[in-house]
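Report on the following structure.
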Amino acid sequence: MKKLSVFIYFILLSCSKDITVDESRSALEFTLSVSSYEGGTVNYDNSTDGVFSDGEIVNISAVANENHYFIGWSNGSRENPIKITVNSNTFITAKFINKQDLITRFEQIVIGNGDNGPVYTLKWRQMNLFLDGSLTSEFKEELGLFVRELNFLLNNDQDFSINQVTELSDSDVHMMRTDSHTFKGVYSEFEDIPLENYYGYALWWFNDFGNIESGKVFINSQSVSSNVVIRWAIRHELGHILGLKHTTEESSIMHPNHRPGVNDVFSDLDKEALRFLHDERMNVFSNTDESREVLEGILGINNTNKAKNKPNTSFESKTKPGGIIYACGK
Ligand SMILES: [Zn+2]
Numbered sequence: 004m005k006k007l008s009v010f011i012y013f014i015l016l017s018c019s020k021d022i023t024v025d026e027s028r029s030a031l032e033f034t035l036s037v038s039s040y041e042g043g044t045v046n047y048d049n050s051t052d053g054v055f056s057d058g059e060i061v062n063i064s065a066v067a068n069e070n071h072y073f074i075g076w077s078n079g080s081r082e083n084p085i086k087i088t089v090n091s092n093t094f095i096t097a098k099f100i101n102k103q104d105l106i107t108r109f110e111q112i113v114i115g116n117g118d119n120g121p122v123y124t125l126k127w128r129q130m131n132l133f134l135d136g137s138l139t140s141e142f143k144e145e146l147g148l149f150v151r152e153l154n155f156l157l158n159n160d161q162d163f164s165i166n167q168v169t170e171l172s173d174s175d176v177h178m179m180r181t182d183s184h185t186f187k188g189v190y191s192e193f194e195d196i197p198l199e200n201y202y203g204y205a206l207w208w209f210n211d212f213g214n215i216e217s218g219k220v221f222i223n224s225q226s227v228s229s230n231v232v233i234r235w236a237i238r239h240e241l242g243h244i245l246g247l248k249h250t251t252e253e254s255s256i257m258h259p260n261h262r263p264g265v266n267d268v269f270s271d272l273d274k275e276a277l278r279f280l281h282d283e284r285m286n287v288f289s290n291t292d293e294s295r296e297v298l299e300g301i302l303g304i305n306n307t308n309k310a311k312n313k314p315n316t317s318f319e320s321k322t323k324p325g326g327i328i329y330a331c332g333k
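In our numbering, the protein residues as written are 4 to 333.
Here it is in structure tokens:
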């Protein structure tokens, strides 16, 4: 009934020269649908049963359950409470994440399991990315989208930015979409590596200050051609360059293999893990125990078990500057 009345009112407006509009009636009305995903609830004044006048401002609060925390709204905002100006039919949903799931994901992809990366935190500051090779418009567009997404996601870190540059000499990271033979011609250190068997390779270096400062990315032009694989490969390989390691969790973008429809892009857990790496309270060279303590503090978890594991004896030797290489996808 509500939709019908709005529709009729539009008709009246569009041919209203000879019709007197009832001034006592409010202007256009729209519906506002507010909901929440698992892990919390939403509060707002809904005494008009979801129908609001054009331009009306509605205050909505997201309230997380004890074991969850609020990560933002479906429109991308993290503001809480949020003010929504109703000027069209609007749907908005609050998103929450389980705190322990976030800590687990952080330990998987940021700290790493030790098999293929250092077991501590490393952060970029400014990353200048140069893209070349066999480039399609889809590839360039997808990379541009992800660069914008990363700058928005990591806006909690004033020191971080990622930018595309037009000259290789101005770059820190060189991403090439090409065939394995051509890539090996440019970077001979890959000569003995079977690049052709994988979607991509990432190699990066960090310095004494715990900052990753350079990287090389191979994207296999022979196998990375469909849009869905391009989407995954760009995000997965740049995930490595950002310091993320592989995980056995199939729903993560950092699983070594692409699962179409399952891990095409960064999940909410992946995004939050990367965002927490860039929280100013998270120091570089933090290991599992140190980062867990920081995360629990940020998340407001009262950890009654303060017993620490023995220090990781190999940790010291791993804080030397170095590089890590990853083979990804098939
Ligand atoms: Zn990988």
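Ideal Cβ placement from N, Cα and C applies to all residues, glycine included.
Worksheet entry | Closest Cα partner of Ser217 within the set Ser224, Asn223 and Phe209 | Phe209
Fill in: Length of the line joining the Cα atoms of Asn49 and Pro84
15 Å
Item to complete: Count the C-beta pairs between the region 254-265 and the region 137-148 that are closer than 8 Å, then say yes if the count reaches three, no if not.
Response: no
Worksheet item: To the nearest angstrom, how far is it from the Cα of Arg81 to the Cα of Val89?
Response: When rounded, the distance between both Cα atoms is 18 Å.
Practice prompt. Output the distance between the C-alpha atoms of Gln225 and Leu148, rounded to the nearest integer angstrom.
Written response: Roughly 23 Å between the two C-alpha positions.
Worksheet item: Do the region 187-198 and the region 235-255 touch if we need at least three Cβ pairs shorter than 8 Å?
Response: no
Fill in: Closest Cα partner of Ser56 within the set Asn92, His281 and Val176
Minimum Cα distance to Ser56 is reached at Asn92.
Worksheet item: From Leu157 to Tyr190, what distance separates their C-alpha atoms?
Response: 31 Å
Practice prompt. Determine the burial state of Gln103: buried for a count of at least 16 other Cβ atoms within 10 Å of its Cβ, exposed for fewer.
Written response: exposed
Practice prompt. Within the same chain, show all residues whose beta-carbon is closer than 6 Å to that of Arg94, passing over the 5 residues directly before and after it, in chain order.
Written response: First, the residue type needs correcting, since residue 94 is Phe and not Arg in the sequence shown. Non-local beta-carbon contacts of Phe94 in its own chain, meaning distances under 6 Å to residues more than five positions away in sequence, involve Ser36 in chain order.
Discussion item. Tell me the residue span of the alpha helix (DSSP H) that contains Lys248.
Written reply: Run containing Lys248: none; DSSP gives neither H nor E here.
Worksheet item: What do you get for Gly188, buried or exposed, if any count of 16 or more other CB atoms within 10 angstroms of its CB means buried?
Response: exposed
Discussion item. Is Met257 close to ligand 1? I mean its beta-carbon at under 8 Å from any heavy atom of the ligand.
Written reply: Taking 8 Å as the cut-off, the C-beta of Met257 counts as close to a heavy atom of ligand 1.
Practice prompt. Could you tell me the distance, in whole angstroms, from the CA atom of Ser64 to the CA atom of Met130?
Written response: 36 Å
Item to complete: Spell out whether any CB of chain B is found under 9 Å from the CB atom of Ile74.
Response: No chain B is part of this structure, which consists of one protein chain only.
Practice prompt. Any chance you could list the alpha helix (DSSP H) runs of at least 4 consecutive residues sitting entirely within the region 203-269, in chain order?
Written response: 230-244
Fill in: Contacts around Asn78, its chain only, beta-carbon distance under 7 Å, and the 5 residues preceding and following it disregarded
Ile95
Discussion item. Considering only DSSP beta bridges, list what Arg151 is partnered with.
Written reply: According to DSSP, Arg151 bridges with nothing at all.
Worksheet item: Using the C-alpha atoms, what's the distance from Asp211 back to Lys86?
Response: 44 Å
Item to complete: Just confirm the distance between the C-beta atoms of Phe33 and Ala67, as a whole number of angstroms; I'd bet it's less than 8 Å.
Response: The pair is not a contact, with the Cβ atoms about 28 Å apart (cut-off 8 Å).
Worksheet item: What number of angstroms, rounded off, separates the C-alpha of Ala330 from the C-alpha of Gly203?
Response: 6 Å
Fill in: CB of Leu198 within 9 Å of CB of Val220, strictly
no
Discussion item. If distances are taken between C-alpha atoms only, which option among Asn230, Tyr40, Val287 and Leu277 comes closest to Leu105?
Written reply: Leu277
Item to complete: Mind reading off the beta-carbon distance from Ile112 to Met257? Whole number of angstroms is fine, and I expect it under 8 Å.
Response: 5 Å
Worksheet item: What separation, rounded to the nearest whole angstrom, lies between the Cα atoms of Ser62 and Val227?
Response: The sequence given here places Asn at residue 62; Ser does not occur at that position. Answer to the nearest angstrom: the Cα atoms are 45 Å apart.
Worksheet item: Just checking my contact of Tyr201 with Asn223 at CB under 8 Å: how many whole Å lie between their CB atoms?
Response: Yes, they are in contact, since the Cβ atoms of Tyr201 and Asn223 sit about 6 Å apart, within 8 Å.
Worksheet item: If Leu125 and Met178 are in contact, beta carbons under 8 Å, what's the gap, nearest whole angstrom?
Response: Contact doesn't hold; Cβ gap of about 19 Å is too wide.
Worksheet item: Per DSSP, Met130 is paired with what?
Response: Ile165
Worksheet item: For Ser36, which residues does DSSP report across the bridge?
Response: Answer by DSSP bridge pairing, in chain order: Phe94.
Fill in: Identified DSSP bridge partners for Met178
Leu134 and Val220
Worksheet item: Whose C-alpha, out of Lys248, Ser183 and Glu170, is nearest the C-alpha of Ser137?
Response: Ser183
Fill in: Cβ pair Leu153, Leu245 closer than 9 Å
Taking 9 Å as the cut-off, the Cβ atoms of Leu153 and Leu245 count as close.
Fill in: Neighbourhood of Thr214 by C-beta distance below 8 Å, restricted to the same chain and skipping five residues each side
Rather than Thr, the amino acid found at residue 214 in this sequence is Asn. Answer for Asn214: Leu125, Lys126, Trp127, Arg128 and Val287, listed in chain order.
Worksheet item: Is the closest heavy atom of ligand 1 to the C-beta of Ala67 under 8 Å?
Response: Taken from the Cβ of Ala67, every heavy atom of ligand 1 lies 8 Å or farther away.
Discussion item. My output table needs one value for Ser64: the three-state DSSP class, helix, strand or coil.
Written reply: Note: Ser64 maps to strand in three-state DSSP.
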